[in-house]
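Numbering (the working numbering), first residue to last: 127 to 662.
Let me begin by presenting the structure, written as structure tokens, before commenting on it.
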């Protein structure tokens, strides 16, 4: 059954049946009133006949005229005549036409003739006005049919508007970019477009998964041959042999990751979780940059600089971080038109690791900058998929960090990765006795974070409402890590609470949200992380 047929069956037809039934009752009521009124007038005429018969029998003309004049007070009687055959004897009103000879009954007049009791050949003729008698009832019937006509007209008009504003948008407009006039349909259109977008992304990712799996499978054979050949390259300096072996090892690691990620038993096309561990980031990054220097050694116009503080530790997945650094450096080099400088800087500030990758290339226009970091968005690279920055951002967020991009056309680009700092003296993700506070209205999030904090040895407190949260943090140090949900219910925004805490001097503020970091770019002091506990 189509939607139009459903409306016809369950809306239009029931309304029409009710209207027809109402009209039927109106017509029956009209006939009942007409019959009742006719009976009433017949009784009054019979009483008039009896009165006039008495006057005729007594030859009392005043009595006869009085009865006739009294009858004229009845609004439905227009004339009364006393007739002898075809001749008038008494007529009221006096100027009435002669109805004795040819009493006519038509739409304008009804002539009722009754014989006088006790007087042979003498008749009473009463002229009724049906228009006066039936006008109120005709008016009621007219109003009823007028209302029925109005209902039919409204149904026809409603059908046209329903088709134009609801049915056609439902069938044709839910996948279009044209706003709809009905708010519920507009919401449905947004959900439908989001579903189409997600379906497209899913299909795209499935295609990438299939391609990645095939590439990972096929690349193992040439890698094995290359690894065997490297054993015979004793003529190469040891440093270069190590560099080549490291590059081959990284390629093999990527291939293994692809195969493991997308062939995990029981999970279809879903990446497997990689173990995170506490890493010295300087030691982790230096081999990647050495590989990049060798890669671009034939291009003296490209300079690669690494400035790193000592003992900068963080909880990361080593292979993923190496991949992120490699991709970011490649992106920076590809931004050069002729040549330039790429600087990688590693530092720590206020309990956070800051990893910056900058270049003095051509920069990124603002309209493109706002989209970078999203899946499928790329800039300035022929054949780019946009997956590099998207992978970097989402991976860093799972580590409890954030990735921000700053750029101006003609002035280069700066990418800043911020991560929670792990102390260099502890193997755990966070030192024992360290505090952390969470403000979130979801009790499941509380439970998840509490279990993770307990496993990491972190002193952790979670609060559901701002009043209890504010009461708890009054005596805390200003550098206590505080995590705030972006949506707290009842219209409360975590961003507003973060601004208030920043004004009060708190320095370690993190927005624990699923939103992109660009949403909070106006607050450089505010870190952005995912909903996953930072100690996992």
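Glycine residues also receive a C-beta, built at the ideal position from the N, C-alpha and C atoms.
From a predicted model like this one, the values you see are computed outputs, not experimental measurements.
Run through the DSSP bridge pairs and tell me what residue i is partnered with.
i, result
"residue 434", "472"
"residue 237", "253"
"residue 206", "218, 252"
"residue 377", "Bridge partners of residue 377: none, in fact."
"residue 545", "479"
"residue 467", "429"
"residue 439", "406, 548"
"residue 588", "564"
"residue 484", "469, 540"
"residue 213", "210"
Report the option in the options whose CA atom is closest to the CA atom of residue i.
i, options, result
"residue 175", "187, 410, 194", "194"
"residue 377", "637, 281, 449", "449"
"residue 451", "436, 592, 468", "468"
"residue 583", "575, 590, 624", "575"
"residue 273", "142, 639, 183, 647", "142"
"residue 546", "540, 560, 534", "560"
"residue 462", "241, 485, 160, 626", "485"
"residue 264", "158, 476, 599, 475", "158"
"residue 493", "533, 330, 252, 459", "533"
"residue 189", "544, 541, 529, 208", "208"
"residue 181", "250, 160, 657, 139", "250"
"residue 570", "611, 540, 601", "611"
"residue 458", "440, 442, 483", "483"
"residue 586", "577, 427, 286", "577"
"residue 201", "253, 239, 160, 243", "253"
"residue 626", "204, 647, 651", "651"
"residue 617", "640, 591, 144, 173", "591"
"residue 599", "579, 580, 624", "624"
"residue 635", "572, 573, 528, 580", "528"
"residue 515", "542, 526, 535, 491", "542"
"residue 621", "155, 329, 645, 631", "645"
Taking the beta carbon of residue i as the centre, do at least 16 other beta carbons fall within 10 Å, making it buried, or is it exposed?
i, result
"residue 261", "exposed"
"residue 607", "buried"
"residue 558", "For residue 558, the predicted model reports a pLDDT of 38, less than 50, meaning its position is unreliable and no value from the coordinates is stated."
"residue 134", "exposed"
"residue 162", "exposed"
"residue 661", "buried"
"residue 538", "buried"
"residue 320", "exposed"
"residue 637", "buried"
"residue 136", "exposed"
"residue 150", "exposed"
"residue 316", "exposed"
"residue 659", "buried"
"residue 116", "The shown model of the chain, from 127 to 662, leaves out residue 116, and the question about it has no answer."
"residue 443", "buried"
"residue 478", "buried"
"residue 196", "exposed"
"residue 187", "exposed"
"residue 487", "buried"
"residue 580", "exposed"
"residue 566", "buried"
Can you give me the start and stop residues for the alpha helix (DSSP H) that residue i sits inside?
i, result
"residue 609", "Element bounds for residue 609: not the alpha helix (DSSP H) but the beta strand (DSSP E), 608-611."
"residue 575", "569-582"
"residue 534", "Element bounds for residue 534: not the alpha helix (DSSP H) but the beta strand (DSSP E), 528-534."
"residue 118", "Nothing in the structure corresponds to residue 118, since the chain is present only between 127 and 662."
"residue 458", "444-460"
"residue 495", "492-495"
Under DSSP, the beta strand (DSSP E) around residue i begins and ends at which residues?
i, result
"residue 197", "No beta strand (DSSP E) holds residue 197; the alpha helix (DSSP H) holding it covers 187-197."
"residue 655", "653-655"
For a cutoff of 8 Å on Cβ pairs, would you count residue i as touching chain D?
i, result
"residue 476", "In the structure shown, chain D cannot be found, because there is only a single protein chain."
Open item on the list: Suppose only complete runs of 4+ residues qualify. What are the alpha helix (DSSP H) ranges in the segment 594-645, listed by chain order?
Closed with: 620-629
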